[in-house]
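Sequence order for the protein chains is A and B.
Per the working numbering, residue 1 is the first one in the first sequence, and the count goes up by one each step.
Per the working numbering, residue 1 is the first one in the second sequence, and the count goes up by one each step.
Here's the structure, in structure tokens; my notes come after.
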Amino acid sequence: MIEIWYAILSFMLVMFVVLEGFDVGAGLLQHIVGKTEAERRLVIAAIGPLWSWHEVWLVGFGGTLMLAFPNILASAFAGFYLAFFLLLWSLILRGISIEVGGHVAEPMWRTAWNFIFVAANLLLAILIGAALGNVVRGVPLNADGKFSLAFFTNFSPHGNVGILDWFTVSVAVFILVTFAAHGANALVLKTEGPVHDRSLRLARQLWKKVLLLLAIITFETWRVRPELFSGMTPKPIAWLGVAFVIGGAIAIFTGLRGKGELRAVIGSSLFIAGLMIAGAASVFPIMLRSTLAPENSLSAYQNAAAGHGLVIALIWWPIAFILAVGYALFIYRYYLGKVKASEDTQSPY
Amino acid sequence: MAGLGTIFILLMVAANFQRWCGRLEKSRGLLWALMLAFPFPYIATTAGWMTAELGRQPWIIFHILRTGQGVSDVVSGGNVLFTLIGFTGLYFVLGVLFLFLVAREIAHGPQSISANGKMEASHD
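This is the structure:
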């Protein structure tokens with residue numbers, strides 16, 4: 001039962017990062033691929049009907065964490081307090097900029113909201129990256145299973161750590177570049193004309209940088225958390241994740257060379273999902289690792305909710321899942337294909 | 001909150017009745033009432049939340065967990081104040097934006113009806 005809920009929880013986080021990575025990546029490239037106001041609106045139109053659906057997975061992740069592992073939710077939400085609020089504010093500001101940015105046709109209004117849109121996306125990429133880095137590195141959990149994090153302490157990933165140190169900052173940079181490349185792939189698929197051409201050129205450059213950064217991150221992870229690699233050997237799901245990463249990378253590079261726009265997007269989704277699946281499977285059952293003492297780490301087995309509640313939830317969770325996926329299929333079918341500026345769904349006039 | 005709910009039902013019944021009779025566009029009094037009613041849904045939602053959140057004190061989960069027992073001991077008062085100020089600021093900006101956009105929409109006026117009776121999209 002606990003393994004099932006750990007898998008469900010990991011699945012929801014993977015869905016969030018892959019789908020949200022597309023919005024964040026496309027959004028933070030808005031000024032680079034869109035040179036005129038119409039081209040910039042095209043970028044928003046590409047993510048317009050989808051972004052709020054993608055955020056559903058984060059809400060679902062939080063709810064599922066509370067349901068299945070309440071102790072870990074309590075520890076993490078208190079420990080990451082300020083970081084979570086920054087994430088929340090960035091999500092809210094990005095939502096506002098998409099919703100109201102198109103309402104007034106004044107250049108000042110448009111520029112201001114475009115700036116907030118790009119800045120919020122940039123911050124989201126860095127925050128999501130830093131958060132993943134923190135989970136991999138561990139947090140300063142004490143013997144009560146609690147922790148609180150300063151933004152930074154002495155930049156070392158050992159002992160009394162902060163949110164930012166050399167490891168989490170490099171994971172954040174890796175996620176930023178990966179999201180940008182993922183978003184560029186998605187813009188290649190969803191747009192035409194100059195935005196499409198610029199995105200394609202950008203995607204080809206960015207994916208080479210992603211592979212280089214992945215090599216660096218892998219080495220750094222081996223230094224910071226060696227048990228992630230030793231824990232991988234007996235777990236077939238971790239190897240499935242590695243296969244996703246390799247298959248995804250091949251699909252991206254062959255897709256971007258020719259006309260395989262959809263193949264490149266599926267490839268970049270598999271690439272990100274594979275990395276997270278491999279990580280989540282390797283560290284199981286440790287959900288939050290302590291950087292102070294290994295015995296303070298929070299394990300899935302000791303911190304799961306009582307069995308009866310989990311059984312009931314296993315009946316209700318699939319119902320919500322079917323509703324969410326049904327809506328997703330509907331909206332993706334409805335907005336299939338390339339977007340045009342005139343189809344901008346967020347503009348009222 | 002409940003009183004506002006009754007007003008919504010009455011307004012909608014009256015508006016739908018007039019629409020059914022084909023007189024909605026001509027009944028000035030009702031149109032004024034509909035336009036002036038725009039803040040009421042927000043007041044009703046806020047009042048509803050206040051009833052739910054304040055009404056259950058001192059419990060955070062009724063008869064299971066007291067609010068005082070639910071306080072995180074690793075989150076400092078300064079952090080909570082900071083996020084409270086942040087959210088107040090964010091909601092203030094949202095409120096100003098909302099008033100500005102609604103006022104603009106009202107000043108913009110309704111779509112005009114052309115000679116053949118079809119709605120014409122107006123441009124600004």
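Even glycine gets a Cβ: it sits at the ideal position worked out from N, Cα and C.
It should be emphasised that the depicted structure is a prediction, and the values quoted were computed from it without experimental measurement.
Burial state of residue i, where buried means 16 or more other Cβ atoms lie within 10 Å
i: I61 (chain B); result: exposed
i: I277 (chain A); result: buried
i: H63 (chain B); result: exposed
i: H54 (chain A); result: buried
i: L64 (chain A); result: The amino acid occupying residue 64 (chain A) in the given sequence is Thr; Leu does not appear at that position. The residue in question, T64 (chain A), is buried, as its Cβ has 16 or more Cβ neighbours within 10 Å.
i: L93 (chain A); result: buried
i: G25 (chain A); result: buried
i: S122 (chain B); result: Since pLDDT at S122 (chain B) reaches only 43, below the 50 mark, its modelled position is unreliable, and no value is offered.
i: R198 (chain A); result: buried
i: Y81 (chain A); result: buried
i: Q57 (chain B); result: exposed
i: W113 (chain A); result: buried
i: Y349 (chain A); result: Unreliable placement is indicated for Y349 (chain A), whose pLDDT of 41 sits below 50; the coordinate value is still reported in the next sentence. Exposed.
i: R225 (chain A); result: buried
i: V59 (chain A); result: exposed
i: K259 (chain A); result: exposed
i: K35 (chain A); result: exposed
i: E220 (chain A); result: buried
i: W222 (chain A); result: exposed
i: W32 (chain B); result: exposed
i: E105 (chain B); result: exposed
i: Y6 (chain A); result: buried
i: A251 (chain A); result: buried
i: W20 (chain B); result: exposed
Contact with chain B by residue i, beta-carbon distance below 8 Å
i: S269 (chain A); result: no
i: I315 (chain A); result: no
i: A78 (chain A); result: yes
i: K146 (chain A); result: yes
i: H103 (chain A); result: yes
i: L19 (chain A); result: no
Any C-beta of chain A under 8 Å from that of residue i
i: T45 (chain B); result: no
i: S72 (chain B); result: yes
i: L101 (chain B); result: yes
i: G86 (chain B); result: yes
i: L97 (chain B); result: yes
i: L94 (chain B); result: yes
Interface residues of chain B facing residue i [CB-CB closer than 7 Å]
i: Y81 (chain A); result: V75 and N79
i: F69 (chain A); result: What F69 (chain A) touches in chain B: nothing, since even the nearest Cβ is about 17 Å away.
i: F85 (chain A); result: T83 and G86
i: V100 (chain A); result: L97 and L101
Helix, strand or coil at residue i [DSSP, three-state]
i: M1 (chain A); result: coil
i: L298 (chain A); result: strand
i: L29 (chain A); result: coil
i: H123 (chain B); result: In this prediction, H123 (chain B) scores a pLDDT of 43, lower than 50, which makes its location untrustworthy; the coordinate-derived value is nonetheless stated afterwards. It is coil, neither helix nor strand.
i: S76 (chain B); result: coil
i: I64 (chain B); result: coil
i: M287 (chain A); result: strand
i: S347 (chain A); result: With a pLDDT of 49 at S347 (chain A), under the threshold of 50, the modelled position of that residue is not reliable, and the figure given next carries that caveat. It is coil, neither helix nor strand.
i: L292 (chain A); result: coil
i: V224 (chain A); result: helix
i: M232 (chain A); result: coil
Test: residue i CB closer than 8 Å to a CB of chain E
i: T83 (chain B); result: No chain E is present in this structure, whose protein chains are A and B.
Within chain A, partners of residue i - CB distance below 9 Å
i: L10 (chain B); result: Neighbours of L10 (chain B) on chain A: none; closest Cβ ~29 Å, over 9 Å.
i: L90 (chain B); result: W89, I92, L93 and I96
Exercise. Which whole runs of the alpha helix (DSSP H) in the segment 95-183 of chain A are 4 residues long or more, in chain order?
Worked result: Taken in chain order, the whole alpha helix (DSSP H) runs of length 4 or more contained in the segment 95-183 of chain A are 107-137.
For this session: Scan the segment 32-77 of chain A and note each continuous alpha helix (DSSP H) run of 4 residues or more that stays entirely inside, going in chain order.
Result: Those alpha helix (DSSP H) runs which fall completely within the segment 32-77 of chain A and span 4+ residues are 37-47 and 51-68.
For this session: Let me know the alpha helix (DSSP H) ranges lying completely inside the segment 306-336 of chain A, each 4 residues or longer, listed in chain order.
Result: 307-334
Problem set entry | 3 or more residues per run - each beta strand (DSSP E) lying fully within the segment 16-68 of chain B | 59-61
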